[in-house]
Amino acid sequence: MREEREKTGYSQSKFAAMLELSDRAYKNYELGKREPPLSVVADFSSKFGVDLRWLVFGDETQPKDIQLIDLAGKTSDATYALATSEGPPLGMKSYSKFFRYVLEQSFSKGSPPSEEATAVYALMRGDDD
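Here you go:
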């Protein structure tokens, strides 16, 4: 659970709230002091797109295809939000290049797609911020 939370940059308190758990309960689950009920594990899997088998059986790493699907979904969310938020919309060809570049950068660097998308979009639009 910690590994997935840290990927998002959220605090334990934020994750606890997202799972409708007390801070203490979530921290105990994450630290391995208590086993989370299956309902919590299933909710975690559903809300954060984490493979349920990986959560339950604790394999070293998630299967690569699951990770890539998750990354593609997060990249889609981040790029679409920016591409439709301000100014004239990007054409399909420009959006496709934008999405692909952000996905490649996030995959190779291990960085959050939202950070990559924000930086690239600012350059595309000529923002100095």
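Mapping to the working numbering: the sequence shown position 21 is 66, numbers consecutive. Quick reminder that beta carbons are idealized off the backbone N, C-alpha and C, glycines included. This structure is a prediction, so every number in the text was calculated from the model and none was measured.
Are the beta-carbon atoms belonging to LEU100 and SER90 less than 7 Å from one another? Closer than 7 Å, so yes.
Should PHE102 be labelled buried (16 or more other beta-carbon atoms within 10 Å of its own) or exposed? Counting other Cβ atoms within 10 Å of its Cβ, PHE102 stays below 16 and is therefore classed as exposed.
Could you give the DSSP three-state label for PRO133: helix, strand or coil? In the structure shown, PRO133 sits in coil (DSSP, three-state: anything other than H, G, I, E or B).
Leaving out five residues before and five after TYR140 in sequence, what residues of the same chain have Cβ atoms less than 6 Å from its Cβ? Within the same chain, Cβ atoms closer than 6 Å to the Cβ of TYR140 are found at ALA128, the five residues on either side in sequence being excluded.
Just checking my contact of ALA123 with ALA167 at CB under 8 Å: how many whole Å lie between their CB atoms? Beta-carbon to beta-carbon, ALA123 and ALA167 are separated by about 13 Å, too far to satisfy the 8 Å threshold.
What is the DSSP secondary structure of TYR55, counted as helix, strand or coil? Correct three-state label for TYR55: coil.
Are there 16 or more other CB atoms within 10 angstroms of the CB of MET137, so buried, or fewer, so exposed? Around the Cβ of MET137, a 10 Å sphere holds fewer than 16 other Cβ atoms; the residue is exposed.
Restricting to runs no shorter than 4 residues, where is the alpha helix (DSSP H) found entirely within the region 139-164? Entirely contained in the region 139-164, not one alpha helix (DSSP H) run reaches 4 residues.
Residues near SER58 in its chain [Cβ-Cβ closer than 7 Å; skip 5 each side]: For SER58, where only same-chain residues beyond five positions count, the Cβ hits under 7 Å are ASP68.
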